[in-house]
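Peer 1:
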Amino acid sequence: MKIALIGFGKMGREIDSAAREQGEMITRVFEWDRTVTPEALADVDICIEFSTPDAVVQNIRAAVEARRDIVVGTTGWYQHLPEIKAVVKESGLLYSSNFSLGMNIFFRIVRQAAVLMNRSADYDPYVHEIHHRQKADSPSGTALSLARILTENIDRKKETLAKPPDGKINPDTLHVTSTRAGFFPGTHTVGFDSESDLIELRHTAKSRRGFALGALAAARWLRGRKGVYTMDDVDL
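When you line the sequence shown up against the numbering used here, it's residues 4 to 239, in that order.
1. Can you tell me where the alpha helix (DSSP H) with GLU34 in it begins and where it stops?
2. Looking at the strands, I want to know which residues DSSP matches up with ASP72.
3. For SER197, which residues of its own chain have a beta-carbon under 6 Å away from its beta-carbon, when the five flanking residues on both sides are left out?
4. Do GLY170 and SER100 count as a contact pair if the criterion is CB distance below 8 Å?
5. Name the DSSP bridge partner or partners of PHE195?
6. In three-state DSSP terms, what is ILE87?
7. Under the three-state reduction of DSSP, which class applies to SER181: helix, strand or coil?
8. Helix, strand or coil, according to DSSP, for GLY15 in the structure here?
9. Could you check which residue in LEU96, TYR81, PHE53 and ILE87 has the C-alpha nearest to that of ASP72?
10. Please report the residue range of the alpha helix (DSSP H) in which ALA146 lies.
11. Output needed for THR176: all residues of its chain with C-beta closer than 6 Å, excluding positions within five of it in sequence on either side, in chain order.
12. Please tell me whether THR38 and PHE53 are closer than 8 Å, where the distance is taken between their beta carbons.
13. Within 8 Å, do at least three Cβ pairs link the stretch 60-69 to the stretch 183-195?
14. Our contact map puts LEU204 next to ALA116 with C-beta atoms below 8 Å; I'd like the distance itself, whole angstroms only.
15. Identify the continuous alpha helix (DSSP H) that holds ALA221 and give its terminal residues.
16. Measuring only the C-alpha atoms, how far is LEU84 from VAL237?
17. In whole angstroms, give me the CA-to-CA distance for LEU201 and GLY10.
18. Counting pairs of beta carbons, one from the stretch 135-149 and one from the stretch 100-112, are three or more of them closer than 8 Å?
19. When you compare each of ARG211, VAL231, ASN121 and TYR232 to ALA21 by their alpha carbons, which one comes out closest?
20. Which residues in the same chain have their Cβ closer than 6 Å to the Cβ of TYR129, if we skip the five residues on either side of it in sequence?
21. Excluding the 5 residues preceding and the 5 following HIS131 in the sequence, name in chain order all residues of the same chain whose CB lies nearer than 6 Å to its CB.
22. According to the neighbour-count rule (16 or more other Cβ atoms, all chains shown, within 10 Å of its Cβ), is GLY217 buried or exposed?
23. Please classify ALA45: is it buried, with 16 or more other beta-carbons within 10 angstroms of its beta-carbon, or exposed?
24. Grab me the residues of MET106's own chain with a C-beta within less than 6 Å of its C-beta, minus the 5 sequence neighbours each way, in chain order.
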């Protein structure tokens, strides 16, 4: 594949390294301050986008106009999904809050656990995540994805609170909490607490390598497909 990297921060550099090791060609690199245009994508097969929430929608539109497939790892733009889905017709878009293959297996484990916990009102679920202190967003997009899985499958949880509570939390609210400290690549914990016991499921990233390999696997899967997809659609 001839790949354009849109965004060349820590994740972009990790993807660049992994792609070259796998024999893929990085033909374009767009730094944060470089505008992505359809014309600039003429000689690429696919884009891998890890930029910023402010830039991602315009970057997607440029890829769509150029009829180039795009894998998007940036979060914080999902409110624009309806308008993006309406224009992705002749190319493919695959987006995810987390491309780690292990995390996507974890998503499926949590979904099955939530289905089981829906039958037992004794257990109160929660989500907690830890990342390095330089991470810009809080809570992480992955934590919000985990929260969405829980609220979609546990009927007694109707909404998500993703900030410190102001007083008591309603029983139908799922609380998502965050820690920013040190150099953690990312740890996500889903807990189910009762008066009798506590069940915790945890995924810990050891490096960004897993995210890069997952993004490249997603790019290979997306080639030749039209429409909008997530990692749920990818055969793991």
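Using N, Cα and C, we set each Cβ at its ideal position, and we do this for glycine too.
Peer 2: Looking at the coordinates:
1. Unbroken run through GLU34: none, as it is neither H nor E.
2. ILE49
3. ASP125 and TYR126
4. no
5. PRO128 and ILE202
6. helix
7. strand
8. helix
9. LEU96
10. 144-156
11. GLU162 and LEU164
12. no
13. no
14. 6 Å
15. 212-225
16. 19 Å
17. 40 Å
18. yes
19. ARG211
20. HIS178 and GLY194
21. THR180 and THR192
22. buried
23. exposed
24. HIS206
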